[in-house]
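To start, the structure itself, in structure tokens.
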Amino acid sequence: MASEEKGTIYRIVDWIDSRFGFSRTILRPAPRYSLSPTYWLGAIAFVVFLLQGVTGILMMQYYVPSPDKAYESTMQIVSSVSYGLFIETVHLYGAYAMILLAFLHLVRGYFVGVYKRPRELMWIVGMVMGLAALAMGFTGYLLPWTVISKSAVDVSIGLINNLPDPIRGMIVYIIAGTGSDEELLLRFFSFHVVVLPVIIILCFAIKLHMFEVHGASEPLSEEADKREVKWFPDVLVYLLMLSFVFLSVLFAISAIFPVEFPPKFSPEVAAQYAPQPEWYFLWMYQILKIPIFEGKTGVQAALALFMLIALVVTFLPFIDRSEKRNPMERPFATTIGVIAVVEIVILTIWGALTPGKGVSLVDAIIVLGLPILIVGLISRAVYLRYQHVKALKMPKKFAWEFVEASTSSNLLLFFAMSFFIAVGSCSISMITMSTNLFSAIMNTISLITSIIMSVWILYSAEPRNVLRR
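In full-length UniProt numbering, the protein residues as written are 1 to 469.
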């Protein structure tokens, strides 16, 4: 009976395939080891993007992109349209899910080295998609015209105004036009529903082509099952299964925890609220609260830092030239990645718990410095253990020659020196801003201590590991 049922199912599949030709598309078979959820994070993110299109089209039937009617039309969807609140909630949580999945996809790709040859351009195209997803979240945040979203966007434009001309004028004009609320909302709406989705779809098509050329990234384990399975029906059914499970969880959460909108924006109401960006930008906002980034020069330095991070991550394939992909064999790159993830999580939670509150320099040094030391210590212990068990040599090929020092026996000292350099830099900034003698003395002592410790650490490092060619 089971044999007959299986035969019937396969006959149905063959009939569908003979009519649609699924098995004769450009989509190649996939190795069995790729049938793992971690390999499909990007695909699930794109499925959620398609869901965003469906829910967005439904809301566009009622939404009016006007400062006078945006909030009212949103409330009409919530209160008067059948399943309107559910659709709004799914759209919001779907945006969260898409950004979170894209971030996990990025982190997973970084640690297993999928950006290495010959997939350098795939990584760059994926970064463009990720940045476009963040931009979609940013532009969509304003559309309900709530007091929180409008205030946050005003703060963001204010930060951009700190950039030097002509960059400042060009960016502000692109996103805000002449500066009126009507033009600001209309431009955000246009970017959200037309420009950014087109960019994501084009990048997806390009990345899909390159994926079919290069195939799934090779497994880290040599024991992985490399036998191929057909795209149709095996891979398609697996993707649909993952998508349905994820969407089911998303729908359940949306039904249980419906979205609640803040009041409509007005200058009077805005004075009672602290502007707060969405959670995926909170880590950046929290950095801007640190005293050394106050003032026009400080904001410019912070924005330059964010730009530098984006450029480094985007062009990482041309910076990290090592052929090794196993994270255990790349201790420096792995440690930097872990520190980045930990710091982003800490800053995000910290920002969520302290809305509208400032950050003292001492708190910033402790909260940001201690994880560096802790992660460095754990990384050092894990790497020594792995090196002992596997009897591996140090990685030899990375973009900068001095990295070899940090992957040697001086790894912990490297992060300790980084910590004291950060302390010294902050102390210099605080000395210049000190308003009383006691504060100046304490920061001077901190600066001298950090210099002494940094020199001692550098002196303690093994000379053969420093800048060796």
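Where a beta carbon is used, it is the ideal one built from N, C-alpha and C, also for glycine.
Since this is a predicted model, take the numbers as computed values, not measurements.
Measuring CA to CA, which of Ser82, Phe188 and Asp14 is closest to Pro144?
To locate residue 144, count along the sequence shown from 1; it is residue 144. For Pro144, the nearest C-alpha among the options comes from Phe188.
Exposed or buried, what is Ser73 when buried is set at 16 or more other beta-carbons lying within 10 Å of its beta-carbon?
One-based indexing of the sequence shown puts residue 73 at position 73. Under this definition Ser73 is a buried residue.
Quick one: measure Cβ to Cβ for Ile87 and Met59, integer angstroms, because I've assumed they're closer than 8 Å.
Residue mapping note: residue 87 aligns to position 87 of the sequence shown, counting from 1. Residue mapping note: residue 59 aligns to position 59 of the sequence shown, counting from 1. Their Cβ separation, rounded to whole angstroms, is 6 Å, which keeps Ile87 and Met59 in contact under 8 Å.
With 16 as the cutoff for other CB atoms within 10 Å, does Thr38 come out buried or exposed?
Numbered from 1 along the sequence shown, position 38 holds the residue referred to as residue 38. Thr38 comes out exposed.
Within 10 angstroms of its Cβ, does residue 471 collect 16 or more other Cβ (buried), or is it exposed?
It is not possible to answer for residue 471, since the shown part of the chain is limited to 1 through 469.
Using 8 Å as the cut-off, can you tell me whether the region 209-225 makes contact with the region 16-35, which would need three or more C-beta pairs spanning the two stretches below that distance?
yes
What residues in its chain sit with their C-beta under 7 Å from that of Met307, if we drop five residues either side in the sequence?
Indexing the sequence shown from 1 puts residue 307 at position 307. Answer for Met307: no residue qualifies.
Identify the residues that DSSP records as bridge partners of Lys264: which are they?
Indexing the sequence shown from 1 puts residue 264 at position 264. Thr146, per the DSSP bridge assignment.
Could you check the C-alpha separation between Tyr115 and Pro327 for me, to the nearest Å?
The residue labelled residue 115 in the question sits at position 115 within the sequence shown. The residue labelled residue 327 in the question sits at position 327 within the sequence shown. Each residue's alpha carbon lies about 13 Å from the other.
For Trp279, the three-state DSSP class (helix, strand or coil)
Counted from its first residue, the sequence shown places residue 279 at position 279. DSSP places Trp279 in helix when its eight states are reduced to three.
Going by other Cβ atoms of all chains shown within 10 Å of its Cβ, with 16 needed for buried, is Ile9 buried or exposed?
Position 9 of the sequence shown, counted from the first residue, corresponds to residue 9. By the neighbour-count rule (16 or more Cβ atoms within 10 Å), Ile9 is not buried but exposed.
Does the region 68-83 touch the region 240-249, meaning 3 or more C-beta pairs lie closer than 8 Å?
no
Integer-rounded CB distance, given that Leu163 should sit under 8 Å from Leu303:
Here residue 303 refers to the residue found at position 303 of the sequence shown. Here residue 163 refers to the residue found at position 163 of the sequence shown. That belief holds up - the Cβ atoms of Leu303 and Leu163 are roughly 6 Å apart, short of 8 Å.
Burial state of Met136, where buried means 16 or more other Cβ atoms lie within 10 Å
Against the sequence shown, residue 136 aligns to sequence position 136. Buried, since its Cβ has 16 or more Cβ neighbours within 10 Å.
So Ser82 is in the alpha helix (DSSP H); what residue range does that whole segment cover?
One-based indexing of the sequence shown puts residue 82 at position 82. From DSSP, Ser82 is part of no alpha helix (DSSP H); its letter is neither H nor E.
Residues in its own chain within less than 6 Å of Ile171 by CB, not counting five upstream and five downstream?
Working through the sequence shown from its first residue, we reach residue 171 at position 171. Counting only Cβ-Cβ distances below 6 Å, and skipping sequence neighbours, we find Ile160.
Does the beta-carbon of Trp123 have 16 or more other beta-carbons within 10 angstroms, so that it is buried, or is it exposed?
For this step, residue 123 is matched to residue 123 along the sequence shown. The residue in question, Trp123, is buried, as its Cβ has 16 or more Cβ neighbours within 10 Å.
Quick one: using the 10 Å Cβ neighbour count with 16 as the cut-off for buried, is Gly356 buried or exposed?
As a working note, residue 356 is residue 356 in the sequence shown. The residue in question, Gly356, is exposed, as its Cβ has fewer than 16 Cβ neighbours within 10 Å.
How is the alpha helix (DSSP H) around His214 delimited, first residue to last?
Here the question's residue 214 lines up with position 214 in the sequence shown. Leu196 to His214 is the span of the alpha helix (DSSP H), which, as asked, contains His214.
Taking the beta carbon of His91 as the centre, do at least 16 other beta carbons fall within 10 Å, making it buried, or is it exposed?
Taking the sequence shown and counting its residues from 1, the one referred to as residue 91 is at position 91. So His91 ends up on the buried side.
Do you know whose CA, among Leu305, Tyr93, Val362 and Ser190, lies nearest Trp279's CA?
Taking the first residue of the sequence shown as position 1, residue 279 is located at position 279. Answer by Cα proximity: Tyr93.
C-beta atoms of Met129 and Phe211 nearer than 8 Å:
By one-based count along the sequence shown, residue 129 stands at place 129. By one-based count along the sequence shown, residue 211 stands at place 211. No, these two residues do not count as a Cβ contact at 8 Å.
Residue from Gln52, Leu106 and Phe46 whose Cα sits closest to the Cα of Ala310:
Here the question's residue 310 lines up with position 310 in the sequence shown. Here the closest residue by C-alpha is Leu106.
Once DSSP output is grouped into helix, strand and coil, what is the label at Leu58?
By 1-based counting over the sequence shown, the position of residue 58 is 58. Three-state DSSP puts Leu58 in a helix.
Let's test the definition: count the other Cβ atoms within 10 Å of the Cβ of residue 480 and tell me whether it reaches 16, buried, or not, exposed.
There is simply no residue 480 to check, as the chain begins at 1 and stops at 469 in what is shown.
When the Cα of Ala255 is compared with those of Leu85, Thr334 and Ile16, which residue comes out closest?
Here residue 255 corresponds to residue number 255 of the sequence shown, with the count starting at 1. If we check each option's Cα against that of Ala255, Leu85 comes out closest.
Can Gly298 and Thr335 be called in contact, C-beta distance under 8 Å?
Translated into positions along the sequence shown, residue 298 becomes position 298. Translated into positions along the sequence shown, residue 335 becomes position 335. Against a cut-off of 8 Å, the Cβ pair of Thr335 and Gly298 comes out as no contact.
Which residue's Cα is closest to the Cα of Val155: Ile366, Phe138 and Ala95?
Here residue 155 refers to the residue found at position 155 of the sequence shown. Closest option to Val155, Cα to Cα, is Phe138.
What three-state label does DSSP hand Ser406 in the structure shown?
One-based indexing of the sequence shown puts residue 406 at position 406. Residue placement at Ser406 is flagged as unreliable, the pLDDT there being 43, under the threshold of 50; the coordinate-derived value follows with that caveat. In this structure, Ser406 counts as helix in the three-state DSSP scheme.
Residue(s) in a DSSP beta bridge with Glu228:
As a working note, residue 228 is residue 228 in the sequence shown. Looking at the DSSP assignment, Glu228 forms a beta bridge with Pro31.
From Ile339, Leu316, Val382 and Ser379, pick the residue whose C-alpha is nearest to that of Gly113; which is it?
Against the sequence shown, residue 113 aligns to sequence position 113. Gly113 has its Cα closest to that of Leu316, out of Ile339, Leu316, Val382 and Ser379.
Does the region 228-245 come within contact of the region 39-50, defined as at least 3 CB pairs closer than 8 Å?
yes
Can you tell me the Cβ-Cβ gap for Tyr273 and Ile157, rounded? I've got them flagged as a contact below 8 Å.
Residue mapping note: residue 273 aligns to position 273 of the sequence shown, counting from 1. Residue mapping note: residue 157 aligns to position 157 of the sequence shown, counting from 1. With 8 Å as the limit, Tyr273 and Ile157 do not qualify as a contact, their Cβ atoms being about 17 Å apart.
Considering only the beta carbon of each residue, do Leu347 and Trp283 sit closer than 8 Å?
Counting from 1 along the sequence shown, the entry for residue 347 is found at position 347. Counting from 1 along the sequence shown, the entry for residue 283 is found at position 283. Taking 8 Å as the Cβ cut-off, Leu347 and Trp283 qualify as a contacting pair.
Reducing DSSP to helix, strand and coil, say where Ile87 ends up.
Walking along the sequence shown from the start, residue 87 turns up at place 87. Residue state, collapsed to three classes: helix.
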